[in-house]
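Trainee: Once you've had a glance at the structure underneath, I'll fire off some questions.
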Amino acid sequence: MPKRLPSILKARPSATAPESRAVAGEELWWPPGTGSAGVAVTEETALAFPTLLATANTLATDLACMPIDVFRGEGDEGRVRDRRHPNHELLSRSPAGPDRPETTPIRWRQSWVLHALLWGNGYNEIRRTGRGTPYSLHLLDPETTRPVRLLDGVEVELADPDGVLRYEVQGVRGGTRHLRPENVLHLAGLGLDGIRGLNFVALLRQGLGLGIAMESYAADYFANGADPGGVIETPQKLNPQAIANLRTGWDDLHRGPGKRHRPAVLEQGATWKGTSSNPQQSQLVEGRKFQSLDVARPWRVPPNKYGDLSEAHLANIEASNLDYLNTALTGWLEAIEQEINLKLFTRSEWQGGYFVEHDVDALLRGDLLKRYQSYEIAIRTGMRSINECRRAENLNPVKGGEQHLTQAQNVPIEKAGIAFPGGGPGSPATEPARP
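Structure (structure tokens):
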């Protein structure tokens, strides 16, 4: 059994001890357990499986690195960035608050997203001023936080429409708090009730347990000098002490690092007979590759994103990155934006057109030539101004660069020739009379 990793935020009960819950169906959210492979799988031990660690790291880091800006909508679907808004300070500079530089936005968002990926839910307590303006985001432990519905102080099913939604938070120093939903920034994955996300680690405990067991088998195989197990046969019967001495002596000679491929001497007619299969016979390499694909599949992450480049080529890597954005990231980006827009802006701000949005172009920035070619097309068609393209490259604006340009052949037909009084060059009105 692999050594248990320390909890991210606190010590947790044993994965093999089922936790009792008052509400049925909690096994989809609380907690994982032991699969058929005999490996205890928790959210922390699951990270010991390289593919899951790479998948979670890729998603959490890519989502955390993507710029997010506060916008104020203006007439005719226009919008302007508002970097003076308090939410810009929270999301882009200091999530814990302007006077508490405890963490950076990328570290905060990595943890928030990681909780949602592994536990199915990531929670932040929103702390507000007396006027209701958010001034601090406090990351909550997903193991001690859960949404509940209360009816006359008694917990009922989350689907009960008569219950009042609250977030139950067990304190580190004891006691339980119940937070109102508008004061909890809740990032949830795929779920069944529209509130909680499913615990993917619990649902995948069989596949994750098999993958971890394969890693352990490979490590044990090489720890034994890459020699398969077997039995020592002797012509005479041995007493228990002799059997123990023979087994201990064999292990001392061959098992462990620095003892590989030592010659053995068998006495009194003893012979060695191999009984276990080697990695090739058990298809360990093929099994580990398939298991990696199987584990990453629920998060819709392509193999090249968790380090398998066997099928990656220059011809398909760009298309793979675009597919990764459209399938693996877009749902999480939309969930983050909707939750922030719902909880961090007051009703008057929401009615005034305030919202947040990610800059997905930051992830899709290709090589220099392709970027400049796309800028050329955007400027030529009037989709972007010169200064908009310069800002995308972190360059200062130029005078007159805010004007949108277009080619002459793209102007409306009723305005064609407006720059040439009399119909323009070559028109019948300007051509000289023929004799």
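Taking UniProt numbering, the leading residue of the sequence shown gets 1, the next gets one more, and so forth.
Just so you know, even glycine gets a beta-carbon here, dropped at the ideal spot from N, CA and C.
Every value quoted in this text rests on a predicted model; they were computed, and no experiment measured them.
1) So Arg-347 is in the alpha helix (DSSP H); what residue range does that whole segment cover?
2) Please state whether DSSP places Glu-125 in a helix, a strand or coil.
3) Taking just the CA atoms, how far does Leu-137 sit from Arg-391?
4) Quick one: what does DSSP say Ala-188 is sitting in, helix, strand or coil?
5) In the DSSP assignment, find the alpha helix (DSSP H) that holds Ser-92 and state where it starts and stops.
6) Quick check: the region 295-308 against the region 153-164, are there 3 or more CB pairs under 8 Å?
7) So the candidates are Pro-397, Gly-75, Val-360 and Gln-407; which of them puts its Cα closest to the Cα of Met-383?
8) Would the region 338-345 count as touching the region 41-50 if we require 3 or more Cβ pairs under 8 Å?
9) Put Ala-335 into one of helix, strand or coil per three-state DSSP.
10) Mind checking which residues open and close the alpha helix (DSSP H) that includes Leu-52?
11) Given a threshold of 16 other Cβ atoms within 10 Å of its Cβ, counted over all protein chains shown, does Pro-358 qualify as buried or as exposed?
12) Is it right to say Leu-344 is buried, meaning 16 or more other beta carbons lie within 10 angstroms of its own, or is it exposed?
13) Quick one: grab the DSSP three-state call for Gln-170.
14) Would the beta-carbon of residue 441 fall within 8 Å of that of Leu-139?
15) Keeping to the same chain, check which residues put their C-beta closer than 7 Å to that of Ala-362; ignore five residues upstream and five downstream.
16) On the DSSP bridge assignment, give the partners of residue 466 in chain order.
17) Can the beta-carbon of Val-184 be found closer than 8 Å to that of Glu-143?
18) Less than 8 Å between the C-beta atoms of Phe-49 and Gly-269, yes or no?
19) Counting beta carbon pairs with one atom in the region 188-202 and one in the region 172-179, are three or more of them shorter than 8 Å?
20) Quick check: Leu-187 and Ala-116, are their CB atoms within less than 8 Å of each other?
21) Residues in its own chain within less than 8 Å of Leu-53 by CB, not counting five upstream and five downstream?
22) Tell me where the alpha helix (DSSP H) around His-115 begins and ends.
23) Between Arg-205 and Glu-102, what straight-line distance do the alpha-carbon atoms span, to the nearest angstrom?
Mentor: Per the coordinate set shown:
1) 347-351
2) strand
3) 30 Å
4) strand
5) 86-92
6) no
7) Gln-407
8) no
9) helix
10) 50-65
11) Checking the displayed sequence, the identity of residue 358 turns out to be His instead of Pro. Buried: at least 16 other Cβ atoms inside 10 Å.
12) buried
13) strand
14) Missing from the structure shown is residue 441; the chain here goes from 1 to 435 and no further.
15) Met-66 and Pro-67
16) Because the chain spans 1 through 435 in this model, residue 466 falls outside it and cannot be assessed.
17) no
18) no
19) no
20) yes
21) Leu-47
22) 105-118
23) 35 Å
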